[in-house]
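If you use mature numbering (1 follows the signal peptide of the UniProt record, and there is no 0), the sequence shown corresponds to residues -20 to -1, 1 to 455, in order.
Ideal Cβ placement from N, Cα and C applies to all residues, glycine included.
Remember, it's a predicted structure, so these values are computed and weren't measured experimentally.
To start, the structure under review is shown below, and the notes come after it.
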Amino acid sequence: MSAYRLYPTLATLFLLTACSGGSDPSVTPPSQSKAKLAGKVIDGYVSGATVWIDLNNNGTRDASEPSVVSGSAGNYAFELTDSQRQCAQYATLYVDVPVGAIDEDLGEVTEAYQMVRPPVLDAITDDSLLHISPLTTVLWQGIRESFGREEISDCNALLADQAKRNEIKSVMQQSIDQLVSFYNMSEAVIFADFIADANSEAKTKAQDIVKGLQQSFALTKILSEDYPSAQEVRVVHYFGTHAHYTDDHDAHWFRKVLVSEGDSYLSRDDLVSQDLSDVITPVYYRDVIDSVWAEGQLFETRDVIYRGVQQGYQCSLDERVEVQSNGVTYSLSNLAYNSTYVAEVDACGEISEDASSRAYTATYEDAGRTYFADMRQHQVSFSLLTNWVSLVDKAAELDLADLIAELSATGYGFNEQVTIPTTSWYKRQYWYEGNTYFQIDYDQDGNWTKYTRFADGTHTDECSYDQGASWQACQ
């Protein structure tokens, strides 16, 4: 594997300073139409906050986008044209809470923050009340994380793209389910006026969430100045657990940072102090470079993962080349690990170990369904393209036609037999029928599973013991 060095860490940026200031709460004059969109800004009820509709879903308040200022009891109301309101059902609602806004429970706001409500994805009427709160904001953070670097289409594009709307609905329902489970509250509470409902538990959780929102807002501002050409800067603080922090199973404050700039992005997950100002333990750091490689793409991914106080950090490098041919996307990935763990993130240095494992994948669509195959080999069983390692400087030396020829003959088709030696493999197909999502997987051991998610968010898990001919409850 080629040597690859970690980007400079964000440690010096993680020391948050006090942040003041906020957005200008100017009001866009309403149109003469009577179409209405209304709700409340809730932490306590917040007045003096600017609510705006992100019609193009770019996360930035543009001059042409409708905005209003919340009044007493956090009330806000837009008067929109019919076309604006139709578009608004597929747009994200933002509220900028500046220093000087009034929280009816906590008084004058001293640290600016932002709250969000995800797209409704259903018709909005004059009777619709779209409340924006810390709970809807956490929901939006989960949705954005699920989409990663992928952009969410603007409202006009979503109006014309049923498949994309279904995808967002699916991700939203998954995020709702996770939020319901994590906070042990009903889905209805997430979107409700929990103050009017006298739900003290939801109110307390919301106020705890705002603590993280304020710090996220402050650090986002700092990072945006340090990365002025970044397409996206995202910061999330949350109180809970992290899959890679296993020193205990207690809830802690964690911070997740993502910066996407040009052909690269970095993410930083840290355990932070109770006041959110200091990094206690780096937990998961990732750096990715995406570059043109001949007629394909090369992705270099560097991971540093915390494996506990006794072991320290595991360092790895994944290089993946991807190419499309005749409607099929093929990829080859090499994964290498440093042979020993290190005590600190910065000690990872270079990774010069040979690749320990390889993955071949193929993705294609047919008759409205997407098909995917993933085939794995350990180093000792590399049987294809054995010289396809240390790829970063080999675009002129290696021929993608060779990769296409080899991978097209692996038996990647869903109903084909895998024809190469593998350590493991699995195949998948997935599709929508209306608002219902279906996914079928099977693997090298003959395990067949079917996952069905319905429009109301409920799902079923089934197994097949006759290679997908019939389905029943898993034994």
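In the same chain as Ser305, and ignoring 5 residues on each side of it, the C-beta atoms closer than 7 Å to its own belong to Ile384, in chain order. Taking Asp134 as the centre and dropping the five residues before and after it, the same chain places the C-beta of Leu35, Asn36, Asn37 closer than 7 Å to its C-beta, in chain order.
Rounded to whole angstroms, Ala57 and Pro208 show a C-alpha spacing of 34 Å.
Between the alpha carbons of Ala81 and Val89 lies a distance of about 5 Å.
Counting along the chain, the unbroken beta strand (DSSP E) around Ser337 starts and ends at 337 to 346.
For Thr226, the CB contacts under 7 Å within the same chain, skipping 5 residues up- and downstream, are Gly288 in chain order. The residues Val77, Leu193, Gln194, Phe197, in chain order, have a CB closer than 6 Å to that of Tyr93 in the same chain once the five nearest residues on each side in sequence are set aside.
The beta carbon of Ser247 lies closer than 6 Å to those of Leu238, Arg266 in the same chain, with the five residues before and after it left out. Secondary structure at Val49: strand, using DSSP grouped into helix, strand and coil. Nearest neighbour of Tyr321 by Cα position, chosen from Ala339, Thr343, Gly348, Cys295, turns out to be Cys295. Here Val325 is not near Ser311, since their CB atoms are 9 Å or more apart.
A Cβ-Cβ contact shorter than 9 Å links Gly122 with Leu159.
Note that the stretch 47 to 54 touches the stretch 26 to 35; at least 3 beta-carbon pairs, one per stretch, sit closer than 8 Å. Straight-line measurement puts the Cα of Val31 at about 45 Å from the Cα of Cys328. Scanning its chain for C-beta atoms nearer than 7 Å, with the 5 sequence neighbours on each side dropped, one finds around Gln359 the residues Asp334, Ala335, Ser336, Ser337, in chain order. Lys430 carries a strand assignment under DSSP once its states are collapsed to helix, strand and coil. Judged by beta-carbon spacing, Gly19 lies within the 9 Å limit of Ser108, meaning their Cβ atoms are closer than that value.
Looking only at Ala71, Thr429, Tyr445, the smallest Cα-Cα distance to Leu139 is reached by Ala71. By a beta-carbon distance limit of 8 Å, Pro46 does not contact Gln69. Their separation comes to about 14 Å. In this structure, DSSP gives Leu365 a state outside helix and strand, which the three-state scheme calls coil. DSSP links Met165 through a beta bridge to no other residue. Annotation note: the stretch 162 to 242 contains the following uninterrupted alpha helix (DSSP H) runs of length 4 or greater, listed N- to C-terminal: 167 to 171, 180 to 206. Counted as a single uninterrupted DSSP element, the beta strand (DSSP E) harbouring Cys295 occupies residues 293 to 305. Around the Cβ of Gln357, a 10 Å sphere holds 16 or more other Cβ atoms; the residue is buried.
Bounds of any alpha helix (DSSP H) do not take in Ile420; it lies within the beta strand (DSSP E) bounded by 416 to 423. Contact between Ile170 and Val21 fails: their C-beta atoms lie close to 15 Å from each other, not under 8 Å. In the three-state DSSP reduction, Asp250 falls in the strand class (E or B). Ranked by how close their Cα comes to the Cα of Phe234, the residues Lys149, Ser161, Glu205, Asp250 have Asp250 in first place. Looking at the DSSP output, Glu59 bridges to Lys16. Under the three-state reduction of DSSP output, Ser126 falls in the helix class. The residues Thr221, in chain order, have a CB closer than 8 Å to that of His229 in the same chain once the five nearest residues on each side in sequence are set aside. Secondary-structure assignment with DSSP links Arg356 through a beta bridge to Ala339, Ser404. With a cutoff of 9 Å on beta-carbon distance, Thr350 and Trp411 are scored as near each other. The three-state secondary structure of Thr117, taken from DSSP, is helix.
For Ile285, there is no enclosing alpha helix (DSSP H); the residue is found in the beta strand (DSSP E) stretching over 276 to 286.
The three-state reading of DSSP puts Asn37 in coil, since its state is none of H, G, I, E or B.
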